[in-house]
Amino acid sequence: QQQVKQSPQSLIVQKGGIPIINCAYENTAFDYFPWYQQFPGKGPALLIAIRPDVSEKKEGRFTISFNKSAKQFSLHIMDSQPGDSATYFCASSSGGSNYKLTFGKGTLLTVNP
Amino acid sequence: GAGVSQSPSNKVTEKGKDVELRCDPISGHTALYWYRQRLGQGLEFLIYFQGNSAPDKSGLPSDRFSAERTGESVSTLTIQRTQQEDSAVYLCASSWESLRAYEQYFGPGTRLTVT
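Chain order of the listed sequences is A and B.
So my numbering is basically just the index in the first sequence, starting at one, shifted up by 57.
So my numbering is basically just the index in the second sequence, starting at one, shifted up by 1.
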């Protein structure tokens, strides 16, 4: 049972574009929603995270939008750069089992120069 | 400071052999996690340690998989009688404590290939 559905699988944008990656979750107990960035040959690195008490969070060029009623959250990358080319994973966890992150399948982002 | 390290970075083994994968967490991190990442898939939770105990082993795929942690530091993931479906990247992560599991720092992973 896939509890976090991520789309699209891959995404190509031009430099300066705003790629958007979407995730939907099923478990209403989830209360923490991080995004991870992974470069080839490296482990994932925490990029930004949100809790359901806010609808949006910005950190630099990265923004998470959260829609609790729709059980969806998305990552927006403003003014994307070729260096942002990576695989992005959304994840979710619940307070009772905060250690157990449930990951989406990932989105391979390519930002062309 | 030093991040999470894993060894070996790559491991090729024959079907039926046992393998051991090692994880050195960030010093002082009491919580440690193992994940499996199959090609084109997200990360799959395997097991987590709080100190040297493993409160949740529910993600281990079969009894061929086991893990231990000693001295609240190094952890070893052992796969016995490897099968081709065990081929994946095995990632280790650590955090200060399990209540702050979202602040997980990942190692580079061990790519396991079973031939």
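Every residue gets a Cβ at the ideal spot worked out from N, C-alpha and C, and that includes glycine.
Beta-bridge partners of residue i, as assigned by DSSP
i: GLU21 of chain B; result: B:THR79
i: TYR93 of chain A; result: A:LEU103, A:PHE146
i: ASN169 of chain A; result: A:GLN71
i: ARG112 of chain B; result: B:ASN11, B:VAL90
i: GLU116 of chain A; result: A:PHE119
i: TYR106 of chain B; result: B:SER95
Enclosing beta strand (DSSP E) for residue i [first to last residue]
i: LEU40 of chain B; result: Taken as a continuous stretch (DSSP letters only), LEU40 of chain B belongs to no beta strand (DSSP E), as it is neither H nor E.
i: ILE134 of chain A; result: 129-134
i: ALA89 of chain B; result: 89-96
i: GLN63 of chain A; result: 61-64
i: SER122 of chain A; result: 119-124
i: TYR82 of chain A; result: 77-82
Sequence-distant residues of its chain with Cβ nearer than 7 Å to residue i (five each side left out)
i: ASN53 of chain B; result: ARG70, THR71, GLU73
i: ILE69 of chain A; result: THR167, ASN169
Same chain, Cβ closer than 6 Å to residue i, five either side skipped, listed in chain order
i: GLN71 of chain A; result: ASN169
i: PHE66 of chain B; result: ILE80
CB contact flag (residue i, residue j, <9 Å)
i: ARG23 of chain B; j: VAL90 of chain B; result: no
8 Å Cβ shell around residue i - same chain, five flanking residues per side excluded
i: ALA148 of chain A; result: VAL61, PHE90, PRO91, TRP92, TYR93, LEU158, THR159, PHE160, GLY161
i: GLY74 of chain A; result: SER137, VAL168
i: ASN124 of chain A; result: SER112, PHE130
i: TRP97 of chain B; result: GLY29, HIS30, THR31, ALA32, GLU104
Distance cut-off 8 Å: residue i Cβ against heavy atoms of the ligand FAD
i: TYR34 of chain B; result: Looking for the ligand FAD in the displayed structure turns up nothing, as the structure carries no ligands at all.
* **Residue ranges of each beta strand (DSSP E) within the region 45-77 of chain B, 3 or longer** => 54-57, 66-70
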